[in-house]
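**Student:** Residue numbers (this note's numbering): 152 to 312.
Every residue, glycine too, gets a C-beta built ideally from N, C-alpha and C.
This one's a predicted model, so the numbers in the text were calculated from it and none came from an experiment.
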Amino acid sequence: MIHIHRLERYWMIAIGIVMGGFVAALVASVMIYGVRLTTPVGRVDPTHLENTDVATPGLTQDSAHAYTLRVVAQMWQFNFGVKGQMPKITLQRGSSLKIVATSKDVTHGFYVEQHNVNMMLVPGQISEMDVVFNKPGIYHIICHEYCGPGHQNMVAVIEVL
Ligand code: CUA
Numbered sequence: 152m153i154h155i156h157r158l159e160r161y162w163m164i165a166i167g168i169v170m171g172g173f174v175a176a177l178v179a180s181v182m183i184y185g186v187r188l189t190t191p192v193g194r195v196d197p198t199h200l201e202n203t204d205v206a207t208p209g210l211t212q213d214s215a216h217a218y219t220l221r222v223v224a225q226m227w228q229f230n231f232g233v234k235g236q237m238p239k240i241t242l243q244r245g246s247s248l249k250i251v252a253t254s255k256d257v258t259h260g261f262y263v264e265q266h267n268v269n270m271m272l273v274p275g276q277i278s279e280m281d282v283v284f285n286k287p288g289i290y291h292i293i294c295h296e297y298c299g300p301g302h303q304n305m306v307a308v309i310e311v312l
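#1: Inspect the CB distances between the stretch 224-231 and the stretch 251-270 and report whether three or more fall short of 8 Å.
#2: Give the DSSP bridge partners of N202, in chain order.
#3: Grouping DSSP H, G and I as helix and E and B as strand, with all else coil, what is R187?
#4: Measure how close the beta-carbons of T258 and V273 come, nearest whole angstrom, since I'm counting them as under 8 Å.
#5: Whose C-alpha, out of M305, Q243 and Q276, is nearest the C-alpha of T189?
#6: According to DSSP, is F231 part of a helix, a strand, or is it coil?
#7: Would you call I309 buried or exposed, if buried means 16 or more other Cβ atoms sit within 10 Å of its Cβ?
#8: Are there any heavy atoms of the ligand CUA lying less than 6 Å away from the beta-carbon of H199, as far as the coordinates show?
#9: DSSP three-state label for V273, please.
#10: Check I250 in the structure and name its three-state DSSP category.
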């Protein structure tokens, strides 16, 4: 029988509790809060997006309550085919949205307020995420990766009616 000093035993128990807490938090984030990683669905040449999934940025309706939003992030805007300083799309409550996005130049962020969407848009990679909007409101899409002097202007809006 190995002798373990009393203090050492306390530390081992404390570490066990902390590690157990981390694992529980990880399991809860996946099982209860539905946190998912971004799916990288393809690699592309960021300078030639014309024959890719994001060739035509914009919102398309796939069925009654399902939409796809194709986005090209670039310095310093989210291009989804809507003109203006702060592009906006409008959805009905209960709509599901598949976001297919990439970057044309540098790494941008794609974060949707109050929803489980938090992607890094890396040039050369197409990323995909699904999200459902159950509550009416105004949700901003924010670039959360510093991408240059116009970074703070990279905002778009999803309005849920
Ligand atoms: Cu794009 Cu910060």
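**Tutor:** By the coordinates alone:
#1: With a cut-off of 8 Å, the stretch 251-270 and the stretch 224-231 count as touching, because enough Cβ pairs lie within range.
#2: Position 51 of the sequence shown, counting from 1, holds the residue named residue 202. None; N202 has no bridge partner.
#3: For the purposes of this step, residue 187 is identified with residue 36 of the sequence shown, where counting begins at 1. If DSSP states are grouped into helix, strand and coil, R187 belongs with coil.
#4: Taking the sequence shown and counting its residues from 1, the one referred to as residue 258 is at position 107. Taking the sequence shown and counting its residues from 1, the one referred to as residue 273 is at position 122. Right, their Cβ atoms sit about 5 Å apart.
#5: To locate residue 189, count along the sequence shown from 1; it is residue 38. If we check each option's Cα against that of T189, Q276 comes out closest.
#6: Residue numbering aside, residue 231 sits at position 80 when the sequence shown is read from its first letter. Assigned with DSSP and collapsed to three states, F231 falls in coil, not helix or strand.
#7: As a working mapping, residue 309 is identified with position 158 in the sequence shown. Result: buried.
#8: As a working mapping, residue 199 is identified with position 48 in the sequence shown. No, the ligand CUA has no heavy atom inside 6 Å of this Cβ.
#9: Taking the sequence shown and counting its residues from 1, one reaches residue 273 at position 122. If DSSP states are grouped into helix, strand and coil, V273 belongs with coil.
#10: Along the sequence shown, one-based indexing puts residue 250 at 99. In this structure, I250 counts as strand in the three-state DSSP scheme.
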